[in-house]
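The block underneath contains the structure these notes are about, expressed in structure tokens.
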Ligand SMILES: Cc1ncc(C[n+]2csc(CCOP(=O)(O)OP(=O)(O)O)c2C)c(N)n1
Ligand SMILES: [Mg+2]
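Protein chains in written order, with the numbering used here: chain A, 1 to 324; chain B, 325 to 690.
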């Protein structure tokens, strides 16, 4: 089986789905001729033509708004926004429109649009190019919010998202883009939306995370004593959240640490901790801990790793949670 | 409002003829300072001393220097992320500019912003903005404030005009259209200066916007007078921009300038530049604004000798080297003091691990 990195896996998913379904169109700034800022759409325009891989003007509100229009008319638009910070100008279209059409039309009109967005820090980029806004969009009923952390999941989740009848924001962790390769089946497969993955099974403590911090958590597990048995959960879909997997795990371990890059207040960690206390209260041996970014703007690169939930902070939180 | 209400100067006499040799030599100095600064910036970037994204201004020097040279120091300036040139032309200390990119505490934003976030309030520079087009409504607001100060607060008699720069790509952002309508409707003294270098990242202007050869028509749609200027000659910029800016200031109304220029480098430091030819780049380099001005000063004005030019370049090289050295030797912002500071004035528990709000250090250079 060929080994692909995250960029290649996403590129392959796009190419295969465009091949399979003529209604799939890719649009965005420099996605065609240039192949996208991270080269994720490289080669697609040469293969599928300018009608299907559309270089747009610099206009995020227009890109997302037009994609909604396409989707309303049964097309399958896959717009790219170059960085998560540039979702700002498109926020109105996403939250006030895309998210609400199913409800607004009582199911008559749905928006099968998948917005691809590079996300997160760790690549020495400044604010607006390193943020993690997944909670903002998870707080907007009607949007599905995805963040794969591996090439295998990325391909399967992207195929699932494009085929999904609802609007999906498909966050791609930049830090993982080219960080490693793994085997990715050449054929068609889906990784279902809304299903978390147990990366490693364990009995002592549950660690819940998603996106690039999955690898910081794995690094932290290497630093912990061998007799500490960690159950690591990669959420994969932030919303709708696979609460069953979390609850089942925490009922077993009685302890949980949530790790995310986004600022702490009103981050998804807060939601997860609440779900746990609602469903696992009598199983808990310790308060749920959060290892997150701080309530400050993502700093420029000298302080980047101090902001991000790197493994030493995760190790410390796990130890504290175990010792409680 | 019709086109070209600004009167053309009498034949043979150009506004720049009235400028002193000192002024033009200062402009040459500033343009060369920007060029040298950017050369060193690229080097430092390649040596991984500068992180993030870095947009080089080389080729566009006459735009910032010519337009900023046409207005007063207290006229507000706001721009996008390709901002090192505006910062230097506005008088920012090259040390603070370089240190910012190095992510050092002595940078203009304490090394917490980087290349795209050049702010210098004492020099009336209001950024440095990373979201394309986002600065354009800010320009309208800055202009609104100058008008309010004079007409409502009556704290000054002085008529000011705001210079708001944007790229040709930003023409297509919704925010810019709202800003123009506001400026036109409220007659705000803001000049939207489109530094039209022909490309928005890899998208040539003709692939990105309507009427690429008649951009002033866009402004006309908002009742704003527009003007086209060749941005490769600082004298041409002054000759056309100065009377235009004076009129906008005097009549307290907006303006729009299609300032045709070219960037010599890629969009950012990681751009394979598949979208243009080497010949095209050479064509513009042959019309280089600095070479142009040197030629004028040596051969027409005869106020600059070969030796003096060599000396000036040397002096600038030293100054920029010093800026690099300063940036290198400065401290990185401390985690405890700076990661959690400058967010808002009142404390919030989650801002820092110790749950305390910390007042950041003040930058001695600003
Ligand atoms: C809202 C938003 N969308 C996209 C980007 C990414 N981006 C940065 S610069 C740029 C091109 C802008 O071109 P132009 O306005 O012509 O300015 P120039 O780079 O030529 O100075 C793009 C697409 C951004 N920073 N902000
Ligand atoms: Mg441009």
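Every residue, glycine too, gets a C-beta built ideally from N, C-alpha and C. Everything numeric in this text was worked out from a predicted model, so none of it was measured.
Per DSSP, reduced to three states, the secondary structure at residue 111 (chain A) is coil, with no helix or strand assignment. At a cut-off of 8 Å between C-beta atoms, residue 496 (chain B) counts as an interface residue with respect to chain A.
Among the residues of the stretch 514-543 of chain B, those with a Cβ less than 7 Å away from any Cβ of chain A are 524, 525, 526, 527, 531, 532, 533, in the order of the chain. Remark: the shortest separation between the CB of residue 603 (chain B) and any heavy atom of ligand 2 does not fall under 7 Å.
Within the DSSP secondary-structure output, residue 291 (chain A) pairs in a beta bridge with A:259. Counting along the chain, residue 627 (chain B) sits inside no beta strand (DSSP E), nor does DSSP assign it H or E at all.
Assigned with DSSP and collapsed to three states, residue 648 (chain B) falls in helix. Near ligand 2, meaning a Cβ closer than 6 Å to any of its heavy atoms, lie the following residues in chain order: B:491, B:492, B:493, B:521, B:523, B:524. A distance criterion of 7 Å places the beta-carbon of residue 125 (chain A) beyond contact range of ligand 1, judged by its closest non-hydrogen atom.
The beta carbon of residue 366 (chain B) sits no closer than 8 Å to any beta carbon of chain A. Only residues of its own chain outside the window of five on either side were considered, and among them 352, 558 have a CB closer than 6 Å to the CB of residue 617 (chain B), listed in chain order. Residues of the stretch 467-494 of chain B with a Cβ closer than 8 Å to any Cβ of chain A, in chain order: 493, 494. Across the set A:10, A:141, A:217, A:87, the C-alpha of A:141 shows the shortest separation from the C-alpha of residue 102 (chain A). Distance from the C-beta of residue 517 (chain B) to the nearest heavy atom of ligand 1 is not below 7 Å. A direct Cα-Cα distance of roughly 10 Å separates residue 364 (chain B) from residue 358 (chain B). Secondary structure at residue 175 (chain A): helix, using DSSP grouped into helix, strand and coil.
In the three-state DSSP reduction, residue 209 (chain A) falls in the strand class (E or B). In this structure, residue 580 (chain B) has its CB at a distance of at least 7 Å from all heavy atoms of ligand 1. Between residue 421 (chain B) and residue 459 (chain B), the CB-CB gap reaches or exceeds 8 Å. For residue 349 (chain B), the three-state secondary structure derived from DSSP is helix.
Residue 664 (chain B) has a beta carbon lying within less than 8 Å of a beta carbon in chain A. Between residue 436 (chain B) and chain A, the shortest Cβ-Cβ separation is below 8 Å.
Looking at A:166, A:65, A:125, the one whose alpha-carbon comes closest to that of residue 145 (chain A) is A:166.
Assigned with DSSP and collapsed to three states, residue 116 (chain A) falls in strand. Contact of residue 88 (chain A) with chain B by beta-carbon distance below 9 Å involves 455, 458.
The beta carbon of residue 657 (chain B) sits closer than 8 Å to some beta carbon of chain A.
What residue 139 (chain A) touches in chain B, judged by beta-carbon distance under 7 Å, is nothing: the nearest beta carbon there is about 17 Å away. Residue 519 (chain B): member of the beta strand (DSSP E) spanning 514-520, first to last residue.
Within the stretch 503-557 of chain B, the complete beta strand (DSSP E) segments of 3 residues or longer fall at 514-520, 549-554, listed in chain order. With its beta carbon less than 8 Å from one in chain B, residue 302 (chain A) belongs to the interface. Scanning chain A for C-beta atoms nearer than 8 Å to the C-beta of residue 499 (chain B) yields 89, reported in chain order. Taken from the Cβ of residue 466 (chain B), every heavy atom of ligand 1 lies 7 Å or farther away. Within chain B, no residue has its beta carbon less than 9 Å from that of residue 131 (chain A); the closest one is some 11 Å off. In the structure shown, residue 27 (chain A) falls within a strand segment according to DSSP collapsed to helix, strand and coil.
Boundaries of the beta strand (DSSP E) harbouring residue 583 (chain B): 579-584, taken from the DSSP string.
Scanning B:464, B:603, B:569 for the CA closest to the CA of residue 510 (chain B) turns up B:464.
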